[in-house]
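I have placed the structure first, in the form of structure tokens, so that the comments after it can refer back to it.
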Amino acid sequence: MKKILLSFLFLSSLLFATVQDEEASQALIDSKIPIIDIRTPAEWKESGLLQGSIPIMLFDEKGKYDLNDFLQKLNGAVDTKKPFAIICRTGSRTKILASFLSQKMNYNVVNIKSGILYAKHLKLPILPYQPK
Numbered sequence: 000m001k002k003i004l005l006s007f008l009f010l011s012s013l014l015f016a017t018v019q020d021e022e023a024s025q026a027l028i029d030s031k032i033p034i035i036d037i038r039t040p041a042e043w044k045e046s047g048l049l050q051g052s053i054p055i056m057l058f059d060e061k062g063k064y065d066l067n068d069f070l071q072k073l074n075g076a077v078d079t080k081k082p083f084a085i086i087c088r089t090g091s092r093t094k095i096l097a098s099f100l101s102q103k104m105n106y107n108v109v110n111i112k113s114g115i116l117y118a119k120h121l122k123l124p125i126l127p128y129q130p131k
């Protein structure tokens with residue numbers, strides 16, 4: 000009976016998505032986990048993109064957002080059944096977004112908690128933004 004209960008608890012824990020907070024690191028880049036950069040195009044131009052990241056804007060320069068558009072682009076860019084990471088400038092926007100994606104969308108999200116500024120401080124590979 001105890002084994003059945005433990006098995007049930009383990010399996011049910013897999014049904015709930017999680018948020019994992021991590022600092023930007025070379026190990027994260029090397030893991031090949033998809034990284035979504037949710038900053039604005041102006042921010043991408045100013046500071047570049049973390050190597051391998053996918054730019055999908057959430058908030059525009061005025062702080063407005065189109066959640067449906069963002070989710071459509073996100074679902075087209077990554078397999079949301081698998082973990083993926085999100086990054087912004089300092090981690091404040093991604094903290095809110097990661098919580099939403101985990102709780103409401105049931106996604107497993109890695110929140111890069113210190114953002115692109117910390118990644119630049121660590122001298123991680125930052126590439127220039129190339130608009131499509």
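Here numbering that gives the first Met the number 0 is used: the first residue of the sequence shown is 0, the next is one more, and so on. Even glycine gets a Cβ: it sits at the ideal position worked out from N, Cα and C.
To the nearest angstrom, how far is it from the Cα of residue i to the Cα of residue j?
i	j	result
L70	K122	30 Å
Q129	S52	12 Å
Q50	L116	14 Å
K80	H120	32 Å
F34	W43	Note on residue identity: the sequence assigns Ile, not Phe, to residue 34. Approximately 14 Å, taken between the alpha carbons.
T39	D29	25 Å
A118	V18	20 Å
D78	I32	10 Å
A76	F83	10 Å
Y73	I55	Contrary to the premise, residue 73 reads as Leu rather than Tyr in this sequence. The straight-line gap from Cα to Cα measures roughly 7 Å.
E60	S98	22 Å
S24	N67	30 Å
Going by the beta-carbon positions, is the gap between residue i and residue j smaller than 8 Å?
i	j	result
I85	L96	yes
K112	E22	yes
N138	G90	No information on residue 138 is available, as it lies outside the stretch 0 to 131 that the chain covers here.
L126	L48	yes
R88	L57	no
On the three-state DSSP scale, how would you describe residue i?
i	result
R92	helix
N67	helix
E42	helix
D36	strand
L123	coil
L57	coil
By the DSSP assignment, the alpha helix (DSSP H) with residue i in it spans what residues?
i	result
I28	25-29
Need the endpoints of the beta strand (DSSP E) that residue i sits in, please.
i	result
S52	52-54
V77	First-last for V77: undefined, no H or E at that position.
N110	108-111
Q19	18-21
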